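Everything below concerns the one structure shown next.
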Amino acid sequence: MDRRTFLKSGAVVGAGLAAGGVSAPAYSQAANRTLRFVPQANLANFDPIWGTQYVVRNAAVLVWDTLYGFDEKLEPQRQMVEGETVSTDGLTWTFKLRSGLRFHDNTPVLAKDVAASITRWMPRDPMGQLLRAINQELVAVDDTTLRWVLKLPFPKMKMALGKNATPMCFIMPERIATRFDSFTQINEFVGSGPMRIVLNEWVPGARAVFARHEGYVPRDEPASWLAGGKRMLVDRVEWIIMPDPATASAALQNGEIDWWENPITDLVPVLRRNRNIAVDIADPLGNIGSFRMNHLHKPFNDVRIRRAVLTAMSQEDYMTALVGNDRALWSPLPGFFTPNTPLYTEEGGDILKGPRNMDAAKRLLAEGGYNNEPVTCVVAQDQPITKAMGDVTADLLRRMGMNVDFVATDWGTTGQRRAMRNPPGQGGWSMFHTWHAGADAINPVLYNAVRANGDGAWFGWPNIPSLEAEVPNWLAASNLAEERAAIGRLNRAAMDNVVYAPTGFFLSYQAWRRNVSGIVKGPIPFPWGVSKT
Amino acid sequence: MFAYFVRRVLATIPVMAVVALFVFSLLYLAPGDPAAIIAGDQATPADVERIRASLGLDRPYLVRFSAWVWDILNGNLGVSIFTNLPVSTMIAQRIEPTLSLMVVTLILAVSLAVPMGVMAAWKQGTTIDRAVMGFAVLGFSVPVFVVGYVLAYIFALELDWLPVQGYTPFSRGFWPWLQNLILPAIALGSVYIALIARITRATMLEVLQQDYIRTAKAKGVGQSSILFVHALKNAAVPIITVIGIGIALLIGGAVVTESVFAIPGLGRLTVDAILRRDYPVIQGVVLLFSFAYVLVNLAIDLAYTLFDPRIRY
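Here the protein sequences line up with chains A and B, keeping their order. All letters in the first sequence, in the order written, are residues 1 to 533 by my numbering. All letters in the second sequence, in the order written, are residues 1 to 313 by my numbering.
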């Protein structure tokens, strides 16, 4: 073949390919039966026990069901369970499954599936670990009856099995739950929830598709968050991953997507001006901003230095840096628990109230013997929340007269570095920034960040026995008044010893096309009850 | 020629070996921990440690490197830490959008830039020349993502002619496929067009001064024939070289363009994998890009023979 023939044949092949493309069958779909949703993050994996990221949990609620589910009052309601009985000594729980439960492979959900799923879930969950420690026997009595015998009473059983904090106790077939331990990823995604994942359309990082589970029988009660009848009013839910907020905004305005989980506040005014788009608060439980100081090393191993930071810090500065001037999106938080939830308290929170006192902060620094030690402030720059808070903290510490070693990095590196216990100058750290989902910060067992059990504690390793003493008191409480009393004391101990520094309570928006209805505010973007015209 | 081809293909083996060693070592030394990301923000240090061990990330460098090389030699790029899918499957899922974007960009850029460069050279010093060079400066100066946003605003939001984002596979028809690629290709191609137009102009100016062009003019050959048959053919070698070099630009630019237009291609896969420290995916994609770049260089070398019969290997 000479070069002229080669060039000509190339042109012919190109034309042929193009013609073939033209004649390919046209793609079509029932648009109003498909909900196109842009989630907060990429669904990179799909095992809600192995990977506990919120985005995995949010997708998992479509596919897997739970024994109980939190309603909008944060009370666990029966979901897969028809009823339960508890022995008079509180040690034996017997659960009866409701009829009609079927997995996506059309096999019935049996009690042995539930036992295996709970067994896989327990090691990864804070409440599950408590249950595991007092577990005597967990057995399927028959196909629909499960008996759980404990060594000690556990009044918060329904909360543990129905909470929406990750990892949730999802029920999967026994063959899957027993083949993979909770530190190994499953490779078969069979649940009994209202949707099933369409595996051949799942492109991690780009899209995930869920199709209606025809065998799903919803409960009769109206849906309320994870409780009640999960009625799917669309046939398909397409999760479209969009890393760029400006693109998601344009796609929503152009009608290429229907629902965007987390528009950034900068773009909300643009969306509000579009009459085809509705904007509202996404999750009333919001988030708690925080920075965590390392209790093991100087300078923050001295409580006076930690208190100095709290004395000087302004939550308004942090929240303004995060959400701008939209006052509807934040509130001060002189405590550690989620506002407007039953256990919220401000006990001990005076240090965060009123005008900020830089002079008092500097006095505390001097009393604490601060000697210009570098403060290694690790800030993930790829997360807008940590980036904004980190900049405020660096400015605050410098104004206090502290020697700031600002480490600008990404979230992946922060995750690795915060686990290091070395002194700051030897690869360790003095402080890092993060945030906690309000749905997790409703009690001390779900909320690792508020625990202070030394080596077993979350990063920073606070050791505050007076705080830890209140956790069993809360667990054993028999009524709300006792629970609140225990949490009040816990909050005071946490604040006095500065388990971490709360930077404020903030909310975020969600946005959707007005031809979509049924979207509710909640900690998870619940797709049931959502329809499209 | 065939012997030359075989020699060049064989020469890719040591190149790929060096790339593999470099990429693996770089990732090993880089900070970051996929286990911490998998475990989630609420996980305890003990949870993170167990996940790290289950993924084999606690093994020594040499053990991990040997295992990876052995897998590569067996045609196995490994399994993604996060998705549990084979890296080859993930690449296969993503390669069509990226290839499509690059091909459309390449066609668009070459078909616009070469005539622009030829015209600028022919009309040197005139308004046309200045306009083309002005466009080239603009193409070099404005970042791809800015061009992307402006195009999306005008042609998608305001005029509603084209979609803002996404990708439709070629199997669903030519026009649905193309309409998702027009704006990204223009955005990505802007730098490329600028580069090729400038080089074409410079090379054409040089060729147009040659004696044989003067001879052609004296013989009464038509202007278009002089430009596109006699001059351009002789200016082709440097232009093809720049087109080849520019493919590296396209690979880099695809990362940004795919994010701006939400195209599920290899660029986004790479960025996601880097942010999550999904080592097998990063290694697989970088190896693929390196291999592609070596092949492109080979193709460019071979293409010289098509345009200049004097070149023989």
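C-beta: ideal position from N, C-alpha, C; glycine also. Small disclaimer: the values here were computed from a predicted structure and weren't measured.
For this session: Answer yes if the stretch 493-504 of chain A comes into contact with the stretch 191-210 of chain A, meaning at least three C-beta pairs across the two stretches below 8 angstroms, and no otherwise.
Result: no
Exercise. How would you list, in chain order, the residues of chain A whose beta-carbon sits under 7 angstroms from the beta-carbon of residue 259(B)?
Worked result: 243 and 244
Problem set entry | Which residues DSSP lists as bridging residue 509(A), in chain order | 281(A)
Exercise. Which bits of chain A does residue 156(B) rub up against, with CB to CB less than 7 angstroms?
Worked result: 250 and 254
For this session: For residue 204(A), return the contacting residues in chain B, with the cut-off set at a CB-CB distance below 9 angstroms.
Result: 80, 82, 83, 85, 90, 93, 269 and 272
Problem set entry | Straight-line gap, residue 35(B) to residue 291(A) (C-alpha atoms, nearest Å) | 22 angstroms
Problem set entry | Cβ separation of residue 171(A) and residue 154(A), assumed to be a contact under 8 angstroms, to the nearest whole Å | About 19 angstroms; that fails the 8 angstroms criterion.
For this session: Note down, in chain order, each residue of its chain lying with its Cβ closer than 6 angstroms to the Cβ of residue 253(A), except the 5 sequence neighbours on either side.
Result: 274
Exercise. Helix or strand or just coil, what does DSSP make of residue 408(A)?
Worked result: strand
For this session: Taking only the alpha-carbon atoms, compute the straight-line gap between residue 158(A) and residue 156(B) and give it to the nearest angstrom.
Result: 50 angstroms
Problem set entry | residue 97(A) - containing beta strand (DSSP E), residue span | 92-97
For this session: Measure the C-alpha to C-alpha separation of residue 103(A) and residue 117(A) and round it to an integer number of angstroms.
Result: 13 angstroms
For this session: Keeping to the same chain, check which residues put their C-beta closer than 7 angstroms to that of residue 179(B); ignore five residues upstream and five downstream.
Result: 162 and 163
Problem set entry | beta strand (DSSP E) runs contained entirely in the stretch 374-444 of chain A, provided each spans 3 or more residues | 374-380, 403-409 and 431-437
For this session: Indicate whether at least one CB of chain B lies closer than 8 angstroms to the CB of residue 185(A).
Result: yes
Problem set entry | Same chain only: Cβ atoms within 6 angstroms of residue 88(B), ignoring 5 sequence neighbours per side | 77
Exercise. Quick one: does residue 26(B) have its CB under 8 angstroms from some CB of chain A?
Worked result: no
Exercise. Within this structure, are the beta carbons of residue 149(A) and residue 129(A) separated by less than 8 angstroms?
Worked result: no
For this session: Give me the Cβ distance between residue 246(B) and residue 196(B), rounded to the nearest whole Å; I'm assuming they're in contact under 8 angstroms.
Result: 7 angstroms
For this session: Confirm, please, whether the CB-CB distance from residue 65(A) to residue 193(A) is below 8 angstroms.
Result: yes
Exercise. Taking C-beta to C-beta, are residue 494(A) and residue 336(A) nearer than 8 angstroms?
Worked result: yes
Exercise. Residues of chain B with CB under 8 angstroms from residue 382(A), in chain order?
Worked result: 275
For this session: Would you kindly work out how many angstroms separate the C-alpha atoms of residue 99(B) and residue 152(B), rounded to a whole number?
Result: 21 angstroms
Exercise. DSSP puts residue 49(B) in a beta bridge; with which residues?
Worked result: BP columns for residue 49(B) are empty, so no partner.
Problem set entry | Alpha-carbon to alpha-carbon, residue 83(B) and residue 126(A) | 25 angstroms
Exercise. Cβ of residue 190(B) within 8 angstroms of Cβ of residue 139(B)?
Worked result: yes
For this session: Could you have a look at residue 490(A) and say whether DSSP puts it in helix, strand or coil?
Result: helix
Problem set entry | For residue 68(A), the residue or residues it bridges with in DSSP | 78(A)
Exercise. Is the beta carbon of residue 260(A) within less than 7 angstroms of some heavy atom of the ligand PLP?
Worked result: Only the bare structure without any ligand can be found here, which leaves the ligand PLP out of the picture.
Exercise. Helix, strand or coil: how does DSSP classify residue 467(A) here?
Worked result: helix
Exercise. Among the residues of its own chain, which have a CB less than 7 angstroms from the CB of residue 281(B), if the five just before and after it don't count?
Worked result: 80, 87, 90, 269 and 273
Exercise. Which word fits residue 517(A), buried or exposed, when buried means at least 16 other C-beta atoms lie within 10 angstroms of its C-beta?
Worked result: exposed
Exercise. So is residue 90(A) buried or exposed if we call it buried at 16+ other beta carbons inside 10 Å?
Worked result: exposed
Problem set entry | Through-space distance from residue 187(A) to residue 284(A), alpha-carbon basis | 34 angstroms
For this session: Give me whichever residues DSSP pairs with residue 140(A) in a beta bridge.
Result: 146(A)
Exercise. Can residue 428(A) and residue 340(A) be called in contact, C-beta distance under 8 angstroms?
Worked result: no
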